[in-house]
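K.L.:
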Amino acid sequence: VLHGIPLLAADLLGVIGMPAAGAVRAHDARMAVADAGSVRLLRAAGALFVAQPRTNGVERGGATRQRRGRTDDGREESTANGAAAAVATGMSLGAPALDACGSLHGAAARCGLVSFKPTFGLIPNDGAHLPAWSIDHVGCLALTVEDAALLLDVLDPAPHVRYSRCLFKTLAGVRIGVPPALLEGAETSVAAALRAAAAAMRQAG
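Count along the sequence shown from 1, then add 2; that gives the number in the working numbering.
(1) Let me know if residue 168 comes out buried or exposed under the rule of 16 or more other beta-carbons within 10 Å of its beta-carbon.
(2) Can you give the Cα-Cα distance for residue 205 and residue 88, rounded to whole angstroms?
(3) Identify every run of the alpha helix (DSSP H) within the region 125-201, keeping only runs that are complete inside it and at least 4 residues long; order them along the chain.
(4) Output the distance between the C-alpha atoms of residue 37 and residue 17, rounded to the nearest integer angstrom.
(5) Output the distance between the C-alpha atoms of residue 98 and residue 141, rounded to the nearest integer angstrom.
(6) Name the two residues that bound the continuous beta strand (DSSP E) containing residue 99.
(7) Please report the distance separating the alpha-carbon of residue 128 from that of residue 9.
(8) Pick helix, strand or coil for residue 85, following the three-state DSSP scheme.
(9) Report whether the distance from the Cβ of residue 180 to the nearest heavy atom of the ligand NAP is below 7 Å.
(10) On a Cα-Cα basis, can you pick out the residue from 47, 106, 85, 45 that is closest to residue 56?
(11) Can you tell me the Cα-Cα spacing of residue 73 and residue 96, whole angstroms?
(12) Do you know how far the Cα of residue 122 is from the Cα of residue 77?
(13) For the 8 Å Cβ check, are there 3 or more pairs between the region 156-165 and the region 40-54?
(14) Is the CB-CB distance between residue 82 and residue 116 below 8 Å?
(15) Classify residue 14 as helix, strand or coil using the three-state DSSP reduction.
(16) Within this structure, are the beta carbons of residue 207 and residue 175 separated by less than 8 Å?
(17) Over the uninterrupted beta strand (DSSP E) stretch that includes residue 50, give me the two end residues.
(18) By the DSSP assignment, the beta strand (DSSP E) with residue 116 in it spans what residues?
(19) Anyone know if the C-beta pair for residue 119 and residue 132 falls short of 8 Å?
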């Protein structure tokens, strides 16, 4: 499915032969001796892991010096920032990364990417550094919804689930809530984008 596709994995996920420091300077000499569960699934599907972008030390805090956004304008990023910057610049089709309280979505929003934080336990957590084991879990970043679906086809080990088959289908009968209060104080362009998305969903059924 992913034969020859280059991927990245945030450095809180074990990748054999790559550093396993979790961005902690005292651990810089550590090397992973096993793949994390998510990495193992992607590798079995043919993906090639070419690098591990850095994150904050043990996934704490909202901004780092290692990476800013695609525009390098100084805005804060989340702990998936290194992975997001690398995917946004075309180094990789996507990247598995950890999320506890919005790391994936914050990084994706600032770099123009798609993020997916799945139901807890959907993607294997083994082999990942989990600072908050009860809420941290593996999700993914990708350039497009289609790319994210392809990654999830592999990352969700359930054999009967294929996310890519759900793309480009009608939304007839689906109910989607849009809380207007969330738009209060939003930038004009942000509010317009959300309203346009809601209109497109109505048009799709």
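Just so you know, even glycine gets a beta-carbon here, dropped at the ideal spot from N, CA and C. Small disclaimer: the values here were computed from a predicted structure and weren't measured.
P.N.:
Inspection of the coordinates gives the following:
(1) The count along the sequence shown starts at 1 and reaches residue 168 at position 166. Result: exposed.
(2) Counting from 1 along the sequence shown, the entry for residue 205 is found at position 203. Counting from 1 along the sequence shown, the entry for residue 88 is found at position 86. Each residue's Cα considered, the two are about 34 Å apart.
(3) 147-157
(4) Residue 37 sits at position 35 when you count from the first residue of the sequence shown. Residue 17 sits at position 15 when you count from the first residue of the sequence shown. Spanning the two alpha carbons is a distance of roughly 5 Å.
(5) Here residue 98 refers to the residue found at position 96 of the sequence shown. Here residue 141 refers to the residue found at position 139 of the sequence shown. Going from the Cα of residue 98 to the Cα of residue 141 covers about 6 Å.
(6) In the sequence shown, residue 99 corresponds to position 97, counting from 1. Run containing residue 99: 96-101, per the beta strand (DSSP E) assignment.
(7) As a working mapping, residue 128 is identified with position 126 in the sequence shown. As a working mapping, residue 9 is identified with position 7 in the sequence shown. Cα to Cα, the separation comes out at about 19 Å.
(8) For this step, residue 85 is matched to residue 83 along the sequence shown. Note: residue 85 maps to helix in three-state DSSP.
(9) The ligand content of the structure shown is nil, which means the ligand NAP is not present either.
(10) Position 54 of the sequence shown, counted from the first residue, corresponds to residue 56. Out of 47, 106, 85, 45, 85 has the C-alpha closest to the C-alpha of residue 56.
(11) Locating residue 73 in the sequence shown gives position 71, where the first residue counts as 1. Locating residue 96 in the sequence shown gives position 94, where the first residue counts as 1. Reliability fails at residue 73, whose pLDDT of 41 lies under 50, so the model's placement of it is uncertain and the value that follows must be treated cautiously. Roughly 19 Å separates the two Cα atoms.
(12) As a position in the sequence shown, residue 77 is number 75, starting the count at 1. As a position in the sequence shown, residue 122 is number 120, starting the count at 1. Note that residue 77 scores 48 on pLDDT, short of 50, meaning its location in the model is unreliable and no value can be drawn from it.
(13) yes
(14) Your numbering for residue 82 matches position 80 in the sequence shown. Your numbering for residue 116 matches position 114 in the sequence shown. Their beta carbons are not under 8 Å apart, which means residue 82 does not touch residue 116 by this criterion.
(15) For the purposes of this step, residue 14 is identified with residue 12 of the sequence shown, where counting begins at 1. In this structure, residue 14 counts as coil in the three-state DSSP scheme.
(16) Residue 207 sits at position 205 when you count from the first residue of the sequence shown. Residue 175 sits at position 173 when you count from the first residue of the sequence shown. Closer than 8 Å, so yes.
(17) Mapped onto the sequence shown, residue 50 falls at position 48. Residues 50-53.
(18) As a working mapping, residue 116 is identified with position 114 in the sequence shown. From DSSP, the beta strand (DSSP E) with residue 116 extends over 116-118.
(19) Against the sequence shown, residue 119 aligns to sequence position 117. Against the sequence shown, residue 132 aligns to sequence position 130. Not in contact: residue 119 and residue 132 (Cβ atoms no closer than 8 Å).
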